[in-house]
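A.B. asks:
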Amino acid sequence: MFKKLSMAAIAVALSATSSLAATEVTWWHAMGGELGKKLEEIAQKFNESQSDYKVVPVYKGSYPETLTAAIAAFRAGQQPAIVQVFEVGTGTMMAAKGAVYPVYKLMADEGEPFDTKTFLSPVTGYYSDTKGNILSLPFNSSTPIMYYNKDVFKKAGLDPEVAPKTWKEVEEFSRKIVSSGAAKCGLTSAWITWVQTENLSALHDKPFGTLENGFGGVKSEFTFNGPLQVKHWANLKKWQDEGLFKYGGPVGGDQAATMFYSQECAITMNSSAGRAGVINNAKTFTPGFAPLPYYDDEIKEPKNSIIGGATLWVLNGKEKATYKGVAKFFSYLSKPEVQADWHQFTGYLPITNAAYDLGQKQGYYAKNPGSDIAIKQITRGTPSENSKGVRFGNFTQVRTIVDEEFQALLANKKDAKQSLDSAVQRGNALLREFEAANSN
Amino acid sequence: MDTKRTTFNNRLLPYLLLAPQLAITLVFFIWPAAQAVKSSFEREDPFGFSTVFVGLTHYRRLFEDPNYLDALWRTAVFAVSVTILSMMLGLAFAAAVDRLARSAKIYTTLLVWPYAVAPVVAGVLWWFLFNTSTGLLPFFLERIGIRWDHDLNGTHAMILIIIAAAWKQISYNFLFFLAGLQSVPQSLIEAAAIDGSGPVRRFFTISLPLLSPTTFFLFIINVNYTMFDTFPIVDATTGGGPAQATTTLVYKVYQDGYVGLNIGSSSAQSVLLMLIVMLLTFVQFRFVERRVQY
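Chains as they are written, first to last, in our numbering: chain R, 717 to 1156; chain V, 12 to 305.
What follows is the structure, given as structure tokens:
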């Protein structure tokens, strides 16, 4: 016991002396496993590149856990300087004006160069206020893409190099795959909320909610129970009944990846950050990568997809020197080499155009076919009001509701229209609660 | 029964001896409970910049919310099923082990094992066993014509958490029942045996009635267990789904308060949960305890 205490005392003394030399910048994040190691490597490289600041990354668990921990810490006056918040928490962070030090302001105050135009526009659009100012630094952004099993395609008599482009083709291909016995199911999907509802709406230029999908303020309402979404949900239900579609579970849909890896399902849709996992797990088959499908009777050319993942928020209440360090660190993070390295290692999007260009120069995309599908998909065309993203308060809970209603649909309790209507109605109640809590 | 009484002359000493326990109760129970009551009357943004007194709004909303009323009913089903299942199996195992002359210790050790397992590990374990695409049990169930799917079938999901929660609690009940059975006077059993009654009859007419204090104690403990301690099991197996089919009251507190950051409503739910358990315990002591023989 005594030994432990004295060890602790030494540790405290050591950290105290080191903080005399360098200002500490704490960074709470939600990256576990390999991603966490890579993140720590980035922080360490920054620390070695200079001697004035020391970035200390702390793993805080899942995204919701990290957000809640940061909020609790803020209330207790123990907040970190930087916290990684997933895109669903954006509405919550934006409403908390007193807690957040906007990134555009921080960079200007500290005289660090920060040009919004160098960033990928669909990414920055998501995290900007209505005036176009970036409030948090994009770090790990992803977008959903389609993964398919080339071997199963071949077995079913399909061309393994041709992925289905439209939902009609997805249906036809799946039917062929199942009826030929090449696989037990045609398609599955992770993230029913994010991929099959939010991104579906964006791709077809249909609103998810009023006031520019919530970007215009807290008075917005959900409108994702339109004819397109109803049609798509009804299709998924119909395909489930025919055995073409298999449900992968709520939230991230853990079962979807398993069913794809075990070759039970031939097609899956998931985050581009799932690419490394697919490559590692597809030992006995060749995976193919493709953009998300669309309905060609709804839109001729699909719009850009929207992002997921997380950004880095700066919290108020720290000393001036700490913010200087944060600004320096953010400049470092935005460097093309740092960004390209992170993007190629993880499958997250490159945040800046320069990082993408660097990858091209390095020949990364040529060597790894399919690795640039996510970037091409998210940068195609000009983002419209409906395709620049979604931003709502209480959105974590809203996603849970959408999952629940989708389950009710698949369990035959409601039809597509009823379940979407109910999701919109229950979601709007949460929006009104958020509005009430954030307008006084 | 004669008691040995030790008399303390110092008037302050008893208070001093009680003080640590009282302090702990105050800091870790009374204070947080009072905080919960306070914040159940308030509406607050997550960061705590503005707090508005809203009176009984949260409580009124809860009783108008069909999801909350469903969770209430669901919790009742869950609590009753887990309590009955784990107590009956605990008693059955205890009776079986009690009859063993040899190797009783080995069985006791094996049966107590699950209690040492953390609830979340128990949850993950059953989640693996019942996993729809890789689990062992759905594979066998399919052979007898049952398509197991707790991802979509609410009843299946409920059965899953009942089994997982009961499995963990059987050990505890087993230990107490075994101790109770072993304190049944041997002379009574022998007398009954000489009178010609068989083991089953002896169990139901002698052992079981004498176990009533144990049963009563376990009943209260088990209900409390299902109300509060089963949270990790739900979280690790079903996450409250599908479509809230396994969202019990305590899980809803977590969902709304921790994940949803709706502190006011979540506090109101904790207060209600606390009241429900207090009421249940009161009813049990007031009415059930009278029938218990000591």
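Idealized CB from N, CA, C, for every residue including glycine.
For Gly848/R, which three-state DSSP category applies?
C.D. replies: Three-state result, Gly848/R: coil.
A.B. asks: Relative to the C-alpha of Pro130/V, which residue among Arg297/V, Leu286/V and Ile244/V is closest?
C.D. replies: Selected option, being the one with the closest Cα: Ile244/V.
A.B. asks: Can you tell me whether DSSP reads Asn1154/R as helix, strand or coil?
C.D. replies: It is helical.
A.B. asks: Please go through the region 792-875 of chain R and give each complete alpha helix (DSSP H) segment of 4 or more residues, from N-terminal end onward.
C.D. replies: Whole alpha helix (DSSP H) segments, 4+ residues: 806-811, 819-825, 837-842 and 866-871.
A.B. asks: Got a sec: does the ligand HEM put a non-hydrogen atom nearer than 7 Å to the Cβ of Pro1052/R?
C.D. replies: No copy of the ligand HEM occurs in the structure displayed, which carries no ligand at all.
A.B. asks: Is it the case that the Cβ atoms of Ala786/R and Ala879/R are separated by a distance below 8 Å?
C.D. replies: No; because the gap between Cβ atoms is not below 8 Å, this pair is not in contact.
A.B. asks: Between Trp159/V, Leu28/V and Val123/V, which lies nearest to Leu7/V when the distance is taken from Cα to Cα?
C.D. replies: Residue 7/V lies beyond the stretch modelled for chain V, which goes from 12 to 305, so this question has no answer here.
A.B. asks: Lys900/R: which of Thr859/R, Pro838/R, Thr882/R and Trp955/R sits nearest, CA to CA?
C.D. replies: Per the Cα distances, Trp955/R.
A.B. asks: To the nearest angstrom, report how far apart Glu153/V and Lys1016/R are at their CA atoms.
C.D. replies: The straight-line gap from Cα to Cα measures roughly 45 Å.
A.B. asks: Taking only beta carbons into account, state which residues of the region 161-192 of chain V come closer than 9 Å to chain R, listed in chain order.
C.D. replies: The region 161-192 of chain V vs chain R, Cβ under 9 Å: Asp162, Leu163, Asn164 and Gly165.
A.B. asks: Please check if any C-beta of chain V sits within less than 8 Å of the C-beta of Asp1137/R.
C.D. replies: Closer than 8 Å: no.
A.B. asks: Can you tell which of Lys1133/R, Asn1110/R, Glu740/R and Lys1077/R has the C-alpha that lies nearest to the C-alpha of Pro57/V?
C.D. replies: That would be Asn1110/R, whose Cα lies nearest to the Cα of Pro57/V.
A.B. asks: Among residues of its own chain, excluding the 5 on either side of Ala175/V, which ones have a beta-carbon nearer than 7 Å to its beta-carbon?
C.D. replies: These residues qualify, in order along the chain: Ala133, Gly134, Trp137, Ile244 and Thr248.
A.B. asks: By the criterion of Cβ-Cβ separation under 9 Å, what are the contact partners of Ser978/R in chain V?
C.D. replies: Residues of chain V passing the Cβ test: Ser144 and Thr145.
A.B. asks: Excluding five sequence neighbours on each side, which residues of the same chain lie with their C-beta closer than 7 Å to the C-beta of Gly968/R?
C.D. replies: Cβ neighbours of Gly968/R beyond the five flanking positions: Ala906 and Trp907.
A.B. asks: Grab the span of the alpha helix (DSSP H) containing Val994/R for me, first residue to last.
C.D. replies: Its alpha helix (DSSP H) spans residues Arg991 to Asn997.
A.B. asks: Should the region 103-120 of chain V be regarded as contacting the region 177-194 of chain V, the criterion being three or more beta carbon pairs within less than 8 Å?
C.D. replies: The region 103-120 of chain V is in contact with the region 177-194 of chain V.
A.B. asks: Is the Cβ of Gln1113/R closer than 8 Å to any Cβ of chain V?
C.D. replies: Yes, because at least one Cβ of chain V sits closer than 8 Å to the Cβ of Gln1113/R.
A.B. asks: Tell me the start and end of each unbroken beta strand (DSSP E) in the region 39-123 of chain V that is at least 3 residues and wholly inside, in chain order.
C.D. replies: With a minimum length of 3 residues, the continuous beta strand (DSSP E) runs that stay inside the region 39-123 of chain V are 53-55 and 62-64.
A.B. asks: Do Pro854/R and Lys1104/R have their beta-carbon atoms positioned less than 8 Å apart in this structure?
C.D. replies: Not in contact: Lys1104/R and Pro854/R (Cβ atoms no closer than 8 Å).
A.B. asks: What does Gly1105/R pair with, by DSSP beta-bridge criteria?
C.D. replies: DSSP lists no partner for Gly1105/R.
A.B. asks: Counting only beta-carbon separations shorter than 8 Å, does Val294/V have a partner in chain R?
C.D. replies: So no, Val294/V is outside the interface.
A.B. asks: Using the three-state DSSP reduction, which class does Trp907/R fall into: helix, strand or coil?
C.D. replies: Residue state, collapsed to three classes: coil.
A.B. asks: Where are the alpha helix (DSSP H) runs, 4 residues long or more, that stay fully inside the region 122-160 of chain V, in chain order?
C.D. replies: Whole alpha helix (DSSP H) segments, 4+ residues: 130-140 and 147-154.
A.B. asks: So is Pro923/R buried or exposed if we call it buried at 16+ other beta carbons inside 10 Å?
C.D. replies: So Pro923/R counts as buried.
A.B. asks: Count the other CB atoms, across all protein chains shown, that sit within 10 Å of the CB of Pro860/R; report buried if there are 16 or more and exposed otherwise.
C.D. replies: Pro860/R is buried by the Cβ-count criterion.
A.B. asks: So Ser987/R is in the beta strand (DSSP E); what residue range does that whole segment cover?
C.D. replies: Per DSSP, Ser987/R belongs to the beta strand (DSSP E) from Cys981 to Ser987.
A.B. asks: Bridge partners for Gly1025/R per DSSP, in chain order?
C.D. replies: Answer is Ser857/R.
A.B. asks: Report the neighbours of Met975/R on chain V: residues whose CB is nearer than 9 Å to its CB, in chain order.
C.D. replies: Those are Ser144, listed as they occur along chain V.
A.B. asks: Could you tell me whether any Cβ in chain R is nearer than 8 Å to the Cβ of Glu55/V?
C.D. replies: With 8 Å as the cut-off, Glu55/V counts as an interface residue toward chain R.
A.B. asks: Between Leu1147/R and chain V, is any beta-carbon pair separated by less than 8 Å?
C.D. replies: False, the Cβ-Cβ gap to chain V never drops below 8 Å.
A.B. asks: Pop quiz: Leu284/V and Val270/V are said to be a contact at Cβ under 8 Å. What is the actual Cβ separation, rounded to whole angstroms?
C.D. replies: 17 Å between Cβ atoms; not a contact.
A.B. asks: Could you tell me whether the region 774-782 of chain R touches the region 1075-1086 of chain R, where touching means 3 or more Cβ pairs closer than 8 Å?
C.D. replies: Taking 8 Å as the limit for Cβ pairs, the verdict is that the region 1075-1086 of chain R does not touch the region 774-782 of chain R.
A.B. asks: Could you run through the region 779-804 of chain R and flag, in chain order, every residue whose CB is less than 7 Å away from some CB of chain V?
C.D. replies: From the region 779-804 of chain R, only Pro780, Thr784, Ile787, Phe790 and Arg791 have a Cβ closer than 7 Å to chain V.
A.B. asks: Taking Phe58/V as the query, report the chain R residues whose CB atoms sit under 8 Å from its CB, ordered along the chain.
C.D. replies: By Cβ distance, chain R contributes Ile787, Phe790, Arg791, Ala812, Gly814 and Ala815.
A.B. asks: Start and end of the alpha helix (DSSP H) containing Thr166/V?
C.D. replies: Segment Gly165 to Gln193, the alpha helix (DSSP H) holding Thr166/V.
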